[in-house]
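Data block below; observations after.
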Ligand SMILES: Cc1cc2nc3c(=O)[nH]c(=O)nc-3n(C[C@H](O)[C@H](O)[C@H](O)COP(=O)(O)OP(=O)(O)OC[C@H]3O[C@@H](n4cnc5c(N)ncnc54)[C@H](O)[C@@H]3O)c2cc1C
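Numbering (the numbering used here), first residue to last: -4 to 344.
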């Protein structure tokens, strides 16, 4: 999103009012995007508070599959592929840094991905042009460099790294909204209080379009249902076909996903979705029966126009910044978008 106003005024004021260690910045939302942004801002010397309506890290970021790849990149435009490629390049160092900071292993592993019936000359040409390793296996396309991460562990590592770095985390507040006066963000407010800040970063995932006091942003919920099964004998690679996938974890759990549903903010799970996912999984591996299911859940992806994340200054409100709308790729893009936005905010200050 390109800014319609120059936010430099707001940040210049922040510099004038400056704390010894940079600006005072409120991050609204504690998913992977909010936590990664908070950490990147703190690492650049700002005073950072994160404000979360529920328990931190229990939104889409917890629910996702953790595939660090844009699934079929040849189907996407340059913007989606830019953020994914930058995120993929940063992930190994970023995740190693988190692990080192707090001793929690996010289980980053390069397991590769098999795209069932995915070999096409167009896909192969795209992969060659962009330097992605690939090979043909019958009708399948194999991408040996695709990596994965284990979402709950990534969130725990990020939460630990934020705390260690001195980010103040405020959870279970109920809905938090930007505090806006005269077209300028002044902090955040919730039912029981407010926190004044020089800048506010909006990282509310699928809820980013419905915050009070702001004209609706083009971000909307897209429900995804997932199942976890215990099936230790499966191969180690990710298997993908037509939007559905199997993601084998290290300990014999395999994730099966995901639906793409426009159900508003209803995060219910349905038997129909489970049956449809299981029917597909059994065609891949007959051992994946309903008896092996250990959990069924859903998450709300932050959908956006053309799947483009909104990363940058709000077009109308000074001091308000956006990092949202990452749709199916938020885990993949997180370090790239956090780095870019934190650098932009810091450069303004
Ligand atoms: C089933 C599924 C599978 C996925 N698989 C992958 C994958 O394999 N790879 C990949 O890269 N991505 C994947 N994704 C997408 C990825 O999970 C999202 O893009 C990413 O988690 C978005 O992160 P976020 O921090 O913006 O959102 P969230 O994690 O949803 O965090 C937003 C936070 O904001 C909080 N919030 C909302 N409103 C308010 C408010 N008013 N006040 C305070 N707090 C508020 C919420 O409670 C939440 O904690 C998947 C998603 C789903 C659902």
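Just so it is clear, CB atoms sit at the ideal spot from N, CA and C, and this is done for glycine as well.
Remember, predicted model here, so these are calculated numbers, not experimental data.
For residue i, which residues of its own chain have a beta-carbon under 6 Å away from its beta-carbon, when the five flanking residues on both sides are left out?
| i | result |
| --- | --- |
| residue 121 | 69 |
| residue 408 | The requested residue 408 is not part of the displayed model; the chain covers only -4 to 344. |
| residue 128 | 139 and 140 |
| residue 17 | 40 and 41 |
| residue 166 | 47, 50 and 51 |
| residue 12 | With a pLDDT of 43 at residue 12, under the threshold of 50, the modelled position of this residue cannot be trusted; read the value that follows with caution. Once the five neighbours on either side are set aside, residue 12 has no close Cβ partner at all. |
Using the rule of at least 16 other Cβ atoms within 10 Å of the residue's Cβ for burial, across every protein chain shown, is residue i buried or exposed?
| i | result |
| --- | --- |
| residue 334 | buried |
| residue 14 | Because residue 14 sits at a pLDDT of 44, beneath the cut-off of 50, its placement in the model cannot be relied upon, and the following sentence gives the value as read from the coordinates. Result: exposed. |
| residue 193 | buried |
| residue 342 | exposed |
| residue 7 | Note that residue 7 has pLDDT 43, beneath the 50 cutoff, so the model's placement of it is unreliable and no number is given. |
| residue 131 | exposed |
| residue 313 | buried |
| residue 345 | Residue 345 lies beyond the range of the chain shown here (-4 to 344); nothing can be said about it. |
| residue 200 | buried |
| residue -3 | Because the pLDDT at residue -3 is just 33, under 50, the model does not fix this residue reliably, and the value given afterwards should be weighed accordingly. Exposed: under 16 other Cβ atoms inside 10 Å. |
| residue 321 | buried |
| residue 124 | exposed |
| residue 309 | buried |
| residue 349 | Examination of residue 349 is not possible in this model, given that the chain is present from -4 through 344 alone. |
| residue 276 | buried |
| residue 386 | Beyond the ends of the chain as shown, which are -4 and 344, falls residue 386; an answer cannot be given. |
| residue 227 | exposed |
| residue 290 | exposed |
| residue 297 | buried |
| residue 266 | exposed |
Residues in the same chain with beta-carbon distance under 7 Å from residue i, minus the five sequence neighbours each way, listed in chain order, please.
| i | result |
| --- | --- |
| residue 255 | 217, 219 and 238 |
| residue 48 | 168, 169, 170 and 171 |
| residue 158 | 164 |
| residue 330 | 31, 82, 85, 86 and 89 |
| residue 103 | 86, 87, 90, 142 and 144 |
| residue 156 | 34, 93, 96 and 97 |
| residue 148 | 99, 100, 101 and 102 |
| residue 65 | 71, 75, 76, 79, 324 and 327 |
| residue 151 | 99 |
| residue 179 | 5, 312, 313 and 314 |
| residue 232 | 106, 107, 108 and 109 |
I'd like to check one pair, residue j with residue i: are the Cβ atoms closer than 8 Å?
| i | j | result |
| --- | --- | --- |
| residue 142 | residue 241 | no |
| residue 183 | residue 299 | no |
| residue 138 | residue 110 | yes |
| residue 162 | residue 58 | no |
| residue 101 | residue 145 | yes |
| residue 198 | residue 76 | no |
| residue 202 | residue 21 | no |
| residue 259 | residue 55 | no |
| residue 305 | residue 173 | no |
| residue 136 | residue 118 | yes |
| residue 229 | residue 303 | no |
In chain order, what residues of the same chain have a beta carbon less than 8 Å from the beta carbon of residue i, not counting five sequence neighbours either side?
| i | result |
| --- | --- |
| residue 204 | 211, 212, 213, 214 and 215 |
| residue 153 | 27, 30, 31, 34, 52 and 93 |
| residue 273 | 222, 251, 283, 284, 285 and 288 |
| residue 261 | 218 |
| residue 264 | 220, 291, 292 and 293 |
| residue 301 | 72, 74 and 75 |
Touching by the beta-carbon criterion (3+ pairs, under 8 Å), the segment 321 to 332 and the segment 241 to 250: In this structure the segment 321 to 332 does not touch the segment 241 to 250; the number of beta carbon pairs closer than 8 Å is below three.
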